[in-house]
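A.B. asks:
In UniProt numbering, the protein residues as written are 1 to 155.
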């Protein structure tokens with residue numbers, strides 16, 4: 001959706017812009033839309049997680065987390081495209097969070113049990129991946145001019 005003018009303040013009132021941010025895997029987005037959408041997504045994910053924990057415990061919270069994986073990936077992929085990275089770049093960064101959620105659904109959340117060392121390694125991997133994502137996708141400017149993923153969203 002190369003026709004979106006992210007410098008227009010009225011763009012945030014357009015449902016098509018939000019749909020593009022959360023559901024489409026094509027194209028590029030600059031930092032501001034990434035941060036606005038990421039904050040909105042994380043607020044809703046936090047609320048969903050708290051409700052799921054209250055009503056269904058860790059397995060329900062993991063299902064909610066998995067439900068937010070698709071829009072998170074759509075957002076991150078477009079931002080990675082702006083930085084010139086392929087989709088596979090994000091696989092390495094999102095894989096540990098997916099595995100932690102899967103282990104939660106399967107009931108392996110007890111860090112004192114036999115899966116404790118695996119959960120510790122995955123937890124460390126999630127932390128490192130989060131730091132890399134914040135720096136690379138959230139703080140660094142995208143490639144100037146067009147790249148293989150589309151035109152510069154700020155041009």
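Just so it is clear, CB atoms sit at the ideal spot from N, CA and C, and this is done for glycine as well.
1. How big is the Cα-Cα spacing for residue 27 and residue 10?
2. Looking at residue 69: is its Cβ nearer than 9 Å to the Cβ of residue 37?
3. Taking just the CA atoms, how far does residue 24 sit from residue 76?
4. Leaving out five residues before and five after residue 72 in sequence, what residues of the same chain have Cβ atoms less than 7 Å from its Cβ?
5. Please classify residue 65 as buried or exposed, where buried requires at least 16 other C-beta atoms within 10 Å of its C-beta.
6. How many angstroms separate the CA atom of residue 59 from the CA atom of residue 90?
7. Would you decide whether residue 54 is buried or exposed? Buried here means 16 or more other CB atoms lie within 10 Å of its CB.
8. Assuming residue 33 is part of the alpha helix (DSSP H), what are its boundary residues?
9. Mapping DSSP to helix, strand and coil, what is residue 150?
10. How about residue 137 and residue 80: do their beta carbons lie closer than 9 Å?
11. How many Å lie between residue 46 and residue 150 at the Cα?
12. From residue 115 to residue 108, what distance separates their C-alpha atoms?
13. In whole angstroms, what is the alpha-carbon distance linking residue 17 and residue 117?
14. If you draw a straight line from the C-alpha of residue 20 to the C-alpha of residue 131, how long is it?
15. So the alpha helix (DSSP H) residue 184 belongs to, where does it begin and stop?
C.D. replies: The relevant details are as follows:
1. Between residue 27 and residue 10, the C-alpha separation is close to 20 Å.
2. Using a Cβ distance threshold of 9 Å, residue 69 and residue 37 do not count as a contacting pair.
3. Here the alpha carbons of residue 24 and residue 76 stand approximately 11 Å from one another.
4. For residue 72, same chain residues with a beta-carbon under 7 Å away, outside a window of 5 residues either side, are 41 in chain order.
5. Burial call: buried.
6. Going by the C-alpha atoms only, they are around 25 Å apart.
7. By the neighbour-count rule (16 or more Cβ atoms within 10 Å), residue 54 is not buried but exposed.
8. Counting along the chain, the alpha helix (DSSP H) containing residue 33 begins and ends at 31-67.
9. Residue 150: strand per DSSP, three-state reduction.
10. Against a cut-off of 9 Å, the Cβ pair of residue 80 and residue 137 comes out as a contact.
11. So the two alpha carbons sit approximately 32 Å from each other.
12. If I take the Cα positions, the gap works out to 7 Å.
13. If you take the alpha carbons of residue 17 and residue 117, they lie about 42 Å apart.
14. Going from the Cα of residue 20 to the Cα of residue 131 covers about 25 Å.
15. The chain is shown from 1 up to 155; residue 184 falls before or after that span and cannot be answered.
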